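Visitor: Got a structure for you, questions after.
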Amino acid sequence: MKIGIDLGTTNTKAIALSKDGEVLCELSNATVVNTVPTGGEMDPASLAQGFLSLLSDVITKAGNLTDERLEAIGLAGMAEAGCLVNSRYEPQTPVLLWYDRRGAEEAEELRTEYEDVLTSVSGIRMSNVATIYKLAYLKKHFPHLFTSGYRWIGVPEWAAWILTAEHYTDKTLAVRTGAYSLKTNNWSSDILKITGLDESLFPQIISAKQQNVLISPEIAAYLEIPETVRVTVSGHDDLAAAYGAGLAPGVWVDSTGTAEGLVALTSPLPDARQTVKNRMSIAPWYEDGQWALIAGVGTSGSLLAELHSQTGLPFSEIDELAKNKVSYPENALSAELTPARIARINFLSGLSDAQKVSAVYDLILSNFTRRAEQITKFAASPEKLVITGGQALLPELCRRKSEALGGIPAESRPKPEAAAYGAALLAI
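To convert, count from 1 in the sequence shown and add 126; that's this note's numbering.
Printed below as a string of structure tokens:
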């Protein structure tokens, strides 16, 4: 038996698989996020407690369904988010969430002189999202935290440390820090020099498929599982989800959670300066020699949730209404994001539900089509689209996405939860 866990911004999700890959059970619990003026943060102790509680629950539930011994635990989750810990791995800061704006000023201070180097080496856009700018903020305001022995630990790595007392990461998470070199597959000395950060802040990078770290005896006893259980940091949740959904040459994956992202594979490594200009990021894929292009499509899941909230219509009725496109004024809606990256829609007064649905669907499809066209500058056009996530069940939306890509087959995979499933597969 294998367990995969996805530590997300909204929920932490767990899945147990039999040795034959059968889904035994899925569980989740809400992530506790503290809203602050700069965006959001989490308490590392609360995160650890919730994670261990969910892991214990899924072990118990799966144990009632099979006699198989637990062999491996895979951990995926939000990238960029993390905290500073001391040499005893005691948290010294809250977990700064990926969307928290601390670091935005520091990114702008470096942009004029160093943007070309920082983006071409890392493949990551300069913004407060990347870890290195969060660290630059912390170093500016709390220099005493950057003494010898202090480390930065991301959310999946924090969960792994709790289970193993070891600090390690996968390359799909390392790249999201902004300190990783796509060409050397290691921490970039050039980026660290520019940002004034030391490599000792970061963990060892070991590809998920090459990790062989065992759970600690103390945690094994606490969870009543064998000490032979392997713990894998399976990677960035978007890429673990893509792996679980079957991303491959010729197959694109569309992740339709709160935020939507298109993922495609390419080889050889594209020019990172050009992908960044097209608002895409590059990540090393789990197979050597392949690279994942990630294009954010927008907050489609959040837009649909807002549409549901304002109309009171079930998602199935919304999708049914969308089959009959109706005209609407050019200024029918305006959308904005909250600090927590949740969409808020302002509709023009007097619109019918059908007009609201058409306007939102057209906005989602316009964003989707534009991003797909940008991806094809660097990767081959897809022969198949796999759609995962909460809104993957909406057939009209899926049909339109297929149509936008030339009528290729579009397969929806609403279950199992893709990131947790991918984490479990990678742990094998």
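Even for Gly, the Cβ is constructed at its ideal location relative to N, Cα and C.
As the structure is a computational prediction, the values presented were derived from the model and not from experiment.
Determine, using beta carbons only, whether R399 and A421 come nearer to each other than 9 Å.
Guide: Against a cut-off of 9 Å, the Cβ pair of A421 and R399 comes out as no contact.
Visitor: Does any CB atom of chain C fall closer than 9 Å to the CB of G130?
Guide: In the structure shown, chain C cannot be found, because there is only a single protein chain.
Visitor: Counting C-beta neighbours from all protein chains within 10 Å, is the total for A347 16 or more, i.e. buried, or is it exposed?
Guide: The residue in question, A347, is exposed, as its Cβ has fewer than 16 Cβ neighbours within 10 Å.
Visitor: Which residues does DSSP pair with D132 in a beta bridge?
Guide: Its beta-bridge partners are K139 and A202.
Visitor: So, helix, strand or coil for D414, using DSSP?
Guide: Coil at D414, not helix or strand.
Visitor: Any contact between the segment 373 to 387 and the segment 422 to 431? By contact I mean 3 or more CB pairs, one from each, below 8 Å.
Guide: As far as the Cβ criterion goes, the segment 373 to 387 touches the segment 422 to 431, which means the pair count is three or higher.
Visitor: Determine the contact status of L210 and Y294, defining contact as a CB-CB distance below 9 Å.
Guide: In this structure, Y294 does not lie closer than 9 Å to L210 by Cβ.
Visitor: At what residues does the beta strand (DSSP E) containing T303 begin and finish?
Guide: From DSSP, T303 is part of no beta strand (DSSP E); its letter is neither H nor E.
Visitor: Take T219 and list the residues in its own chain whose beta-carbon comes closer than 8 Å to its own, dropping the five residues that flank it on each side.
Guide: Excluding residues within five positions, the ones whose Cβ falls inside 8 Å are C209, L210, L264, F268 and L271.
Visitor: Quick check: the Cα distance between L299 and A530, rounded to an integer number of angstroms?
Guide: The alpha-carbon atoms of L299 and A530 are separated by roughly 31 Å.
Visitor: Ignoring anything shorter than 4 residues, give me the alpha helix (DSSP H) runs that lie fully in the segment 490 to 532, in order along the chain.
Guide: With a minimum length of 4 residues, the continuous alpha helix (DSSP H) runs that stay inside the segment 490 to 532 are 521 to 530.
Visitor: Return the Cβ separation of A546 and K139 in integer angstroms, given the expectation that the two are a contact with Cβ distance under 8 Å.
Guide: Correct: roughly 5 Å between the Cβ atoms.
Visitor: Under a three-way DSSP split, which group does I331 fall into?
Guide: Strand, per DSSP.
Visitor: Given a cut-off of 9 Å, decide if L474 and L459 are closer than it, judged by their beta-carbon atoms.
Guide: Yes, they are a contact pair.
Visitor: May I have the straight-line CA-CA distance separating G415 from K335, to the nearest angstrom?
Guide: Each residue's alpha carbon lies about 14 Å from the other.
Visitor: Please classify E216 as buried or exposed, where buried requires at least 16 other C-beta atoms within 10 Å of its C-beta.
Guide: Under this definition E216 is an exposed residue.
Visitor: Once you ignore the five residues that flank I320 on each side, which residues in its own chain have a CB closer than 6 Å to its CB?
Guide: Y240, listed in sequence order.
Visitor: Per DSSP, what kind of secondary structure is I288 in: helix, strand or coil?
Guide: Correct three-state label for I288: helix.
Visitor: Can you tell me whether S248 is buried or exposed? The criterion is at least 16 other CB atoms within 10 Å of its CB, across all chains shown.
Guide: Buried, by the Cβ-count rule.
Visitor: Just how far apart, CA to CA, sit A409 and P396?
Guide: Cα to Cα, A409 sits roughly 11 Å from P396.
Visitor: Judging by CA-CA distance, which residue of L318, S428, A390 and A285 is the nearest neighbour of T502?
Guide: Comparing Cα positions, the closest option is A390.
Visitor: My output table needs one value for G427: the three-state DSSP class, helix, strand or coil.
Guide: Three-state result, G427: helix.
Visitor: What does the alpha-carbon distance come out to for the pair T290 and S407?
Guide: T290 and S407: Cα-Cα distance of roughly 31 Å.
Visitor: Should D363 be labelled buried (16 or more other beta-carbon atoms within 10 Å of its own) or exposed?
Guide: Buried is the call here.
Visitor: Pick helix, strand or coil for A421, following the three-state DSSP scheme.
Guide: Strand, per DSSP.
Visitor: So is E206 buried or exposed if we call it buried at 16+ other beta carbons inside 10 Å?
Guide: E206 comes out buried.
Visitor: Using only CA atoms, which one of S492, P343 and L327 lies nearest to T273?
Guide: Minimum Cα distance to T273 is reached at L327.
Visitor: Along the chain, where does the beta strand (DSSP E) containing F123 start, and where does it finish?
Guide: Because the chain in this structure spans residues 127 to 554, residue 123 falls outside the shown range and cannot be described.
Visitor: According to DSSP, is P269 part of a helix, a strand, or is it coil?
Guide: Looking at P269 - three-state DSSP - the assignment turns out to be helix.
Visitor: State the Cα-Cα distance for the pair P163 and L191, rounded to the nearest angstrom.
Guide: Computed Cα separation, rounded: 45 Å.
Visitor: Could you tell me which of L244, N212 and S478 sits nearest to V402, measuring between CA atoms?
Guide: Considering only alpha carbons, the answer is L244.
Visitor: If you reduce the DSSP assignment to three classes, tell me which class H434 lands in.
Guide: Looking at H434 - three-state DSSP - the assignment turns out to be helix.
Visitor: Would you kindly work out how many angstroms separate the C-alpha atoms of N472 and T136, rounded to a whole number?
Guide: So the two alpha carbons sit approximately 24 Å from each other.
Visitor: Under the assumption that S360 contacts G548 (Cβ atoms under 8 Å), give the Cβ distance between them as a whole number of angstroms.
Guide: Indeed, because the Cβ distance is near 7 Å, the residues count as touching under 8 Å.
Visitor: State the Cα-Cα distance for the pair Y487 and F177, rounded to the nearest angstrom.
Guide: Their Cα atoms are separated by approximately 36 Å.
Visitor: Within a Cβ cutoff of 8 Å, which residues of the same chain sit near K266, ignoring the five residues on either side of it in sequence?
Guide: Answer for K266: E232, listed in chain order.
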